[in-house]
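Residue numbers (the working numbering): 1 to 225.
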């Protein structure tokens with residue numbers, strides 16, 4: 001495959017790919033500062049990236065069930081991100097397309113996430129498409145910025161671990177997760193050789209565009225459908 005793609009490994013005209021989406025989750029406090037979260041991907045629990053720190057949430061863009069209508073409602077970037085939030089931060093079973101029950105997006109936490117996005121207390125940006133350097137897998141890089149109060153409400157029951165690994169969230173106060181400080185010192189202190197390439201890229205881009213991402217809520221930054 002590498003020989004076939006040697007001329008231009010970035011060209012997607014020569015092959016079919018099943019993309020994933022990796023989302024850097026930021027919790028913005030009223031003073032304009034932010035924290036972030038990672039997932040330690042445990043060996044034996046994930047198909048790729050064992051023993052690395054990746055963005056949370058992250059997952060493949062795929063229908064959530066075998067329903068013949070699922071692809072119409074599920075092959076949507078924002079809904080993919082929402083399903084991954086439910087699974088990776090709230091501990092819901094993985095919606096990996098092997099059942100016949102469709103997802104009801106009118107129920108929490110989906111309804112809460114949609115309301116936050118529409119109300120501006122959650123903003124989402126798509127920063128681009130990246131290729132993993134070793135396996136050339138495609139990952140859509142996104143950032144979700146929650147106002148702290150909104151984040152604390154939606155993820156009041158955040159889990160400490162999920163089916164894929166351990167939620168890295170800094171200190172817990174009364175069960176509430178607050179995250180790691182989003183600043184250059186904290187990012188530099190991370191074990192770079194253990195960061196997945198999507199996590200490393202997202203953190204670098206978040207620092208680069210920090211002023212934009214952490215600006216006062218005003219206009220909604222929504223993932224295009």
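Positions of the beta carbon are idealized from the N, C-alpha and C atoms, including for glycine.
- The C-alpha of residue 31 is placed about 14 Å away from the C-alpha of residue 183.
- With respect to residue 163, residue 87 sits close: the two C-beta atoms are nearer than 9 Å.
- Residue 26 holds the alpha-carbon nearest to the alpha-carbon of residue 180 among 22, 17, 18, 26.
- Excluding its 5 nearest sequence neighbours in each direction, residue 58 has C-beta neighbours in its own chain below 6 Å: 22, listed in chain order.
- Taking C-alpha positions only, residue 117 is separated from residue 15 by approximately 34 Å.
- Beta-bridge partners assigned by DSSP to residue 130: 139.
- Your pair residue 130 and residue 201 checks out as a contact, with CB atoms roughly 6 Å apart and the cut at 8 Å.
- Bounds of the beta strand (DSSP E) holding residue 20 are 20-28.
- For the options 217, 207, 216, the alpha carbon positioned closest to that of residue 24 is the one of 207.
- Distances from the alpha-carbon of residue 3 to those of 153, 135, 159, 172 put 135 closest.
- Residue nearest to residue 39 within the set 64, 109, 91 is 91 (criterion: CA-CA distance).
- Residues of the same chain with a CB within less than 6 Å of the CB of residue 154, apart from the 5 flanking positions on each side, are 109, 112 in chain order.
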